[in-house]
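Chains A and B supply the protein sequences, listed in that same order. Each step along the first sequence adds one to the number in my numbering, with nothing skipped, and position 165 is 165. Each step along the second sequence adds one to the number in my numbering, with nothing skipped, and position 4 is 1004. Below is one structure; the comments refer to it alone.
2 protein chains.
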Amino acid sequence: MKLGIIGSRGHIGYVFESIGEADDWELSAFSTGCDDAPEQLEGMAKKAGFSPEYFADWRTMLEQGKLDMVAVDGPFDLHAQMAAFALERNIPVFCEKPIALNLADLERVKAAQRHSTAKILSMVGLRYEGAFQHALNLVRAGKIGKVKQIFAQKSYKLGDRPDFYRHRATFGGTIPWVGSHALDWIMAFSGSSFASVYATQNREDNHGHGDLEMSCHCIFTMRNQVQALASIDYLRPMNAPTHGDDRVRVAGTAGVLEVRSGRILLIDAEGEREIAVPPPERKIFSDFARSVAEGVDCWVSTEETFELTRACLLARDAADNGTICRF
Amino acid sequence: MKLGIIGSRGHIGYVFESIGEADDWELSAFSTGCDDAPEQLEGMAKKAGFSPEYFADWRTMLEQGKLDMVAVDGPFDLHAQMAAFALERNIPVFCEKPIALNLADLERVKAAQRHSTAKILSMVGLRYEGAFQHALNLVRAGKIGKVKQIFAQKSYKLGDRPDFYRHRATFGGTIPWVGSHALDWIMAFSGSSFASVYATQNREDNHGHGDLEMSCHCIFTMRNQVQALASIDYLRPMNAPTHGDDRVRVAGTAGVLEVRSGRILLIDAEGEREIAVPPPERKIFSDFARSVAEGVDCWVSTEETFELTRACLLARDAADNGTICRF
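Laid out in structure tokens, this is it:
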């Protein structure tokens, strides 16, 4: 099975993390999808034991590369165009999130997928992270009863970011970029699509990062009446021990489960205790690669990818306009 | 200095916790303010070394008791009436929160206070709790720079509650009753009054508790642009180690501070560490009692008491009506 890659602006590392575990996939072609130099991707490929053909033009690669899948990680504002182009040629897409920076582009990808035999997965890698993956299995197995309330936190270090982070048109906003993980947890742990959102955001004190929002808050009601909050920020001090402080707290009718610092804490009828985190059952790229190669389900569906993207964009709209958005 | 008490439905324990440390205060009179039997309050008074005069009628007590302060902890729906009656007679009021269950009643108390020489404090005892008190001192001293974002959590066990909790008219709602603490932290840590709120609430799965909401979420923007979230619930399992899981996380331009499980965790330029919690400098009742006796400021002002009550009621309105409320 032949994989092509376009770009390495975001989480393309997911591919290299598990391509060795996926049956018969080889990285056969790559492009940067823009003016980025090819050396970085070339180096990553070589390190993983691949010598892919380089294409200056990503369209040529998709048209002539005879690919069984493409991983899209080019400029954020081109995700939708690249994904739609691939889907129109029935090439499955492993796509950096968010897959579109506006609703019109999302509709374009959805339309392409509707007429395609191929599926698309956005890189919600943190749902696959060991503690979150096991926590989700526990909640789905009913360990805390009926889910009622969710709080999700993404807190990142800002550092000094490339110029494209400083412009809404090329970055997309902090809710879609950082918040997508929190919203994916909310969707997964609630077991529901979204019904409404209100949100706030603030770009002051962003150390010269232009449009970039330093902190965002979202409040959701899900279709199944689960209530959810997301707290998203770039305020994590540079001397904090890790880049991110990822958390989720899920309260149900029979218990409260938390993921914090990679650990799972559970309170239920038996009291409070830590749950050991087993090695992850699935990794995001190999899970999708297997679903493509064997025609089986992936842990995250195409429908969830679309729903998550829409939620990110409507939450951003709510914050931009100070209004409640209904789905 | 003579103190009277009306009722023991809520946190009247704050009085007995520190009346011994307040200069020259004696509990000289009490009433239950309703059909509640007087034995409970009588027992608490005796245990603290007082033999207060019992009044069947709280109005008579306020008119004839020559009181220097009254602690109001009768039926929730009578807080406002009792507080206004006392203020109209220039008697300072240490009042269970929320001091009013609707905006009209709040206006009545405010009007009474405007024409009074007396002040009113609502029992936001958790602001005085050791870890929160010290954390607030640290934040006010600038340890995390400019405050940007706050998350406050109140999670309680439900148990089996008296009948008055089951009716909105006599309980007031979970946002005002439980959430008032979270909103007080938000007001205190942000150093600002409130600008807008949206909120959600859910009363399903409340184990026969009628109107009582099991979970609530609020999203605030403060006048100084600080963003804040409150997560409020009665979902804490009965076998959890403590009744409440009180938390606040405050993210600023120079650090992130958290209070959790009575501990303070700080991340700043020096990295991540726990801050030792010193014994509280102030206790809520003795702080107010001293401010009344000596004419000095209390840590929480009358204006903050009014602002907090209004915020609770507008957040509840937002949740009731599904609308954004502007202050």
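Each residue gets a CB set at the ideal place from its N, CA and C atoms; glycine is no exception.
>> Comparing C-alpha positions only, which one of A/D205, A/T174, A/G262 sits nearest to B/K1146?
In response: A/D205
> Are B/G1003 and B/L1067 close, meaning C-beta to C-beta below 8 Å?
Replying inline: Note that residue 1003 of chain B corresponds to Leu in the displayed sequence, not to Gly. Yes. Within cutoff.
> By how many angstroms is the C-alpha of B/N1224 removed from the C-alpha of A/D23?
Replying inline: Approximately 55 Å between the Cα atoms of the pair.
> Looking at the structure shown, is A/Q227 part of a helix, part of a strand, or coil, going by DSSP?
Replying inline: Looking at A/Q227 - three-state DSSP - the assignment turns out to be strand.
> Residues in its own chain within less than 7 Å of A/A100 by CB, not counting five upstream and five downstream?
Replying inline: H79, A80, L106, V109, T309
> Which chain B residues are close to A/R203, counting only those with a beta carbon under 8 Å from its beta carbon?
Replying inline: Those do not exist, as A/R203 stays about 11 Å from chain B at its closest Cβ, beyond 8 Å.
>> Please report the straight-line C-alpha distance between B/Q1040 and B/I1006, rounded to a whole angstrom.
In response: 12 Å
> Listed in chain order, which residues of the segment 1229-1249 of chain B have Cβ atoms closer than 7 Å to some Cβ of chain A?
Replying inline: L1229, S1231, D1233, L1235, R1236, P1237, N1239, A1240, P1241
>> Can you check whether the C-beta of A/T174 is within less than 8 Å of a C-beta belonging to chain B?
In response: No, no contact with chain B.
>> Output needed in chain order: residues of the segment 266-290 of chain A with a Cβ under 8 Å from some Cβ in chain B.
In response: I267, D268, A269, E270, G271, E272
>> Let me confirm a value: B/N1090 is counted as buried when at least 16 other C-beta atoms fall within 10 Å, else exposed. Which label applies?
In response: exposed
>> Within 10 Å of its beta-carbon, does B/D1077 have 16 or more other beta-carbons around it, so buried, or fewer, so exposed?
In response: buried
> CB A/D245 to CB A/S155, shorter than 8 Å?
Replying inline: Closer than 8 Å, so yes.
>> Just verifying my parser: in three-state terms, what is the DSSP assignment at A/S301?
In response: coil
> Applying a beta-carbon distance threshold of less than 7 Å, which residues of chain A neighbour B/V1139?
Replying inline: Within 7 Å Cβ-Cβ: nothing; B/V1139 doesn't reach chain A, min ~14 Å.
>> As a quick exercise: from B/S1008, B/Y1234, B/G1020, B/F1288, pick the residue whose alpha carbon is nearest that of B/V1072.
In response: Checking every option, the nearest Cα to that of B/V1072 belongs to B/S1008.
> So, is the C-beta of A/G65 closer than 8 Å to a C-beta in chain B?
Replying inline: no
> By Cβ distance below 7 Å, which residues in the same chain neighbour B/E1017 in space, the five residues on each side in sequence not counted?
Replying inline: K1283, F1285
> What whole-angstrom Cβ distance do A/A228 and A/I144 have, given they're in contact under 8 Å?
Replying inline: Actually they are not in contact, since the Cβ atoms of A/A228 and A/I144 sit about 15 Å apart, beyond 8 Å.
>> Assuming A/A118 and A/L87 are in contact, meaning their beta carbons sit under 8 Å apart, how far apart are those beta carbons, in whole angstroms?
In response: 5 Å
>> For the beta strand (DSSP E) containing A/E90, name the first residue and the last one.
In response: Residue identity differs from the one stated: residue 90 of chain A is Asn in this sequence, not Glu. Segment: none, A/N90 is in no beta strand (DSSP E) and carries neither H nor E.
> For the alpha helix (DSSP H) that contains A/A293, what are its first and last residues?
Replying inline: 284-294
>> Taking beta-carbon pairs under 9 Å, can you tell me which members of the segment 1215-1229 of chain B lie near chain A?
In response: Cβ contacts with chain A come from S1215, C1216, H1217, C1218, I1219, F1220, T1221, Q1225, V1226, Q1227, A1228, L1229.
>> I'd like to confirm the pairing. Which residues does DSSP put opposite A/M44 in its beta bridges?
In response: In DSSP, A/M44 forms no bridge with anything.
> What residue from A/D287, A/A311, A/A293 has the CA that sits closest to A/V15's CA?
Replying inline: A/D287
>> Can you check which of these residues, B/P1038, B/F1220, B/H1209, B/K1157, is closest to B/W1185 by C-alpha distance?
In response: B/F1220
>> Quick check on the DSSP output: what are the complete beta strand (DSSP E) runs of length 3 or more inside the segment 157-209 of chain A, in order along the chain?
In response: 194-202
>> For B/Y1198, would you say it is in contact with chain C, using Cβ-to-Cβ distances shorter than 8 Å as the test?
In response: Included in the structure are the protein chains A and B, with no chain C among them.
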